[in-house]
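Residue 23 in our numbering sits at position 1 of the sequence shown, and the numbers go up by one each step.
Single-structure report; data block below.
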Amino acid sequence: MGAGVTPPRSAIVTGAARGVGLAVVRRLLEASYSVLALDGFTDIDLPYECSTPSDLLALQGSFGSSSLSISSVDVRDAHTLIDTVTSFCNHTSIDTPGAQLAVVVGCAGVIDGSDRSWELNLDTERMIIETNLLGIMNLARATIPALITSASPTKRFIAISSAAGHKPLPQLAAYVASKHGVEGFVKSLALELTGTSVTANAVAPGSTRTKILEHSARIYGLSSVEEFSPQHLTERLLEPAEIADAVMFLASEGAASITGTVVAVDGGLSIT
């Protein structure tokens, strides 16, 4: 391969069909990655609209099936996740000779809440913890071995946390606990990856214009998501593309010395 030519790279993204995950997939495709986009696509019992395969099919139409693979996988199912990742890595090496797994981004997340944490439905509470926290842990279990053995010059594991990962919020205790767990897990993972050249970091968004934020507004009895804007020093909501930009920086060669870190992309929310 000639000097200045970027070797073929692949990436895996969970929670890929909407919001931040979809923005990350788009950025990776624009940067010429081969992407495996994973989402649950299930009618889970949540009081807001969840993702569907059609949310990703438009991207596949824009970038082509050779660049974007779509699979329905619930991140709570570790065995299916491992099988799907293994199959993708094997097929990528055949379809794109020399392609190496370079970036893994965990974006899958759900939210719900109640006036008092002890009154939240037990099944809902379990789903939040299992999707948001165990989903990231399962993703690491499925992808870290492939990242360690990858010949890619950049090998990144990136989890999407939240300002709630280090800031307590009322009425969202299960969500807050899950995101605190994500940040703790990523820091411990970074320690365990010492000497492998794989970095592990988290991105912690503030109030970002997504379906999750819309439901958060309903939980707090707000008439519009815009009512979250004054909590930010920037006095506006974030857009999913801004979070994706931070992910792409962490995925770059310029972020080689950043590991075990939580990057706050929150308009100053975490210091208010």
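Don't be surprised by glycine CBs; every beta carbon is placed ideally from N, CA and C.
Three-way DSSP call (helix, strand, coil) for residue i in this model
i	result
GLN122	strand
ASP61	strand
LEU161	helix
ASN223	strand
ALA278	coil
LEU169	helix
LYS209	helix
ALA25	The predicted position of ALA25 is uncertain, since its pLDDT is 49 and thus under 50; a value taken from the coordinates is nonetheless stated next. Coil.
ILE180	strand
VAL204	helix
Presumed contact (8 Å Cβ cut-off) between residue i and residue j, rounded CB distance
i	j	result
LEU78	ALA33	At roughly 14 Å, the Cβ-Cβ gap does not stay under 8 Å, so LEU78 and ALA33 are not in contact.
VAL107	ALA168	7 Å
ALA226	ALA185	6 Å
ARG98	GLU141	That pair is no contact at about 23 Å.
SER91	LEU58	5 Å
Alpha-carbon to alpha-carbon, residue j and residue i
i	j	result
THR283	LEU211	11 Å
GLY41	PRO262	6 Å
ALA277	SER245	40 Å
SER89	THR281	28 Å
THR230	SER73	17 Å
GLU236	TYR242	10 Å
ILE170	GLU275	16 Å
ALA268	ALA224	10 Å
Cβ pair residue i, residue j closer than 7 Å
i	j	result
ARG48	MET270	no
LEU44	VAL132	no
ALA130	GLY86	no
GLY228	ASP288	yes
SER200	ILE234	no
VAL204	SER183	yes
VAL208	ALA181	yes
ASN160	LEU213	no
Cβ neighbour criterion (16 or more within 10 Å) applied to residue i
i	result
ASN143	exposed
ILE293	exposed
SER172	buried
ARG240	exposed
GLY217	exposed
GLU147	buried
LEU123	buried
HIS254	buried
GLY62	buried
SER76	exposed
ASP134	buried
Near the ligand GTP: residue i beta-carbon under 6 Å from a heavy atom
i	result
LEU272	No copy of the ligand GTP appears in this structure; indeed no ligand is present at all.
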